[in-house]
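Read the structure below first, then the notes.
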Amino acid sequence: MHLLITGSRGQLGQALHTYFSPAHQVTLWSRPQHDIADPATADAVAALAPDVVINAAAWTNVDGAQSAPDAAFAANALGPKYLAEGCARCGAALVQISSNEVFAGEAGRFYREYEEPGPVTVYARSKAAGERATRQLLDRLYIVRVAWLYGPGGHNFPSKIVAAADKHGSLRVVADEFGNPTYTPDVAVALEQLIASGRYGIYHLVNEGWASRYEWAAELLRLSGRGDVPLTPIPAHEWPRPAMPPPHAVLVNQAAAALGIHLRPWQEALAEYIRNTE
Ligand SMILES: NC(=O)c1ccc[n+]([C@@H]2O[C@H](COP(=O)([O-])OP(=O)(O)OC[C@H]3O[C@@H](n4cnc5c(N)ncnc54)[C@H](OP(=O)(O)O)[C@@H]3O)[C@@H](O)[C@H]2O)c1
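Counting in the working numbering, the sequence shown tops out at residue 330, every number present.
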């Protein structure tokens with residue numbers, strides 16, 4: 053299989069590169085050589101004619117998107133549109149990586165693949181627009197929503213918590229925002245299985261279970277031998293951000309699970325991450 057990975061220097065892109073090479077022929081695209089928001093992207097994909105494109109490129113600065121909506125929509129909606137145009141011309145399949153944040157995340161809700169998105173922030177609206185743009189153009193399409201990604205080489209919640217614990221000796225962490233901590237190498241394995249299935253559609257590929265930010269941080273500190281670091285739970289309104297995240301955008305993997313594709317519990321994945329990074 054000839055695979056094109058966009059955003060190959062991001063944290064998911066790096067995990068995909070590591071996992072799919074050298075078993076598959078892999079072409080890596082990253083900025084500045086390959087900006088997916090350039091309309092010429094469609095021609096470039098058509099000329100390359102890969103079997104599958106995995107779009108791991110995105111504007112992921114959720115707070116920054118609030119004051120730069122055009123840039124966020126260019127990367128997260130127009131970029132996927134151009135990729136889909138190129139795929140349609142050469143017969144490639146597209147994996148469009150999307151986000152749990154396309155849901156409003158009402159308290160107590162668990163979102164399955166068939167639920168209607170209700171994005172709130174600029175980032176979330178741009179990701180939802182990317183889903184719509186690709187669906188309008190392509191049948192050979194997997195829309196894969198992930199959540200709370202972390203993995204080797206990424207600048208992510210676990211790496212920030214460990215750094216802050218070592219620097220400050222105590223932490224305050226939001227306890228009323230919930231999600232699915234999801235390990236990028238596990239997403240790569242699940243994507244290979246999904247692509248092999250040929251069953252196009254919308255999927256939620258997240259590690260099993262869910263947690264609050266506070267619970268995620270507590271488990272991380274415990275597993276990394278920092279269990280004695282004082283951790284104080286706080287409400288989200290005590291940690292104000294330009295883009296307040298959905299409080300309970302917890303995803304359920306129903307569609308991929310029906311095909312036998314499961315990601316392990318998030319605590320097991322976190323333990324592996326710590327073994328590999330400490
Ligand atoms: N991180 C999360 O917790 C999370 C949660 C839910 C969904 N997601 C989704 O998962 C996917 C992967 O996220 P990630 O955490 O791996 O993000 P990341 O580490 O921020 O990587 C994104 C990559 O995309 C590149 N990029 C941005 N705009 C681009 C453009 N116009 N053309 C080409 N490349 C561009 C960035 O390049 P530069 O380095 O040059 O900026 C960066 O290397 C994204 O679709 C994201 O929306 C992430």
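We put the CB at the ideal spot given by N, CA and C, even for glycine.
Proximity to V174 across R164, R184, W111 peaks at W111, based on C-alpha coordinates. Burial check for T284: the Cβ neighbour count within 10 Å stays below 16, so the residue is exposed.
In the structure shown, R278 falls within a coil segment according to DSSP collapsed to helix, strand and coil. Segment contact: the segment 265-273 against the segment 155-174, fewer than three CB-CB distances shorter than 8 Å; contact not assigned. Under the 8 Å Cβ criterion, the segment 193-211 counts as touching the segment 64-71, having at least three qualifying pairs. Under a 10 Å Cβ-count criterion, Q148 is classified as buried, with 16 or more other Cβ atoms of the shown protein chains found around its own Cβ. The beta carbon of A94 is closer than 8 Å to those of Y134, L135, E137, G138, R141 in its chain, skipping five residues each way along the sequence. Under the three-state reduction of DSSP output, H256 falls in the strand class. Scanning A108, S178, W81, A92 for the CA closest to the CA of L64 turns up A108.
With respect to the C-alpha of E244, the residue from T58, G59, A75, W200 having the closest C-alpha is A75. Each residue's CA atom was taken as its position, placing A248 and E260 some 21 Å apart. Looking only at E167, Y166, P132, F209, the smallest Cα-Cα distance to L189 is reached by P132. Judged by DSSP in its simplified three-state form, F72 adopts helix. As DSSP reads the structure, F230 sits in a beta bridge with S264, H300. For F162, the three-state secondary structure derived from DSSP is strand. Of the heavy atoms belonging to ligand 1, none sits nearer than 6 Å to the Cβ of T93. The straight-line gap separating the alpha-carbon atoms of V105 and A124 is approximately 21 Å.
With 16 or more other Cβ atoms inside 10 Å of its own Cβ, D238 counts as buried.
Rounded to whole angstroms, the gap between the alpha carbons of R187 and A129 is 11 Å.
Beta-bridge partners assigned by DSSP to A145: V104.
For Q245, the enclosing alpha helix (DSSP H) starts and ends at 236-249.
Per DSSP, R197 is one residue of the beta strand (DSSP E) stretching across 193-198. Per the DSSP secondary-structure output, P317 pairs in a beta bridge with E260.
In the displayed model, P169 falls within coil according to three-state DSSP, outside both helix and strand. The Cβ-Cβ distance between Y235 and R192 does not fall below 7 Å.
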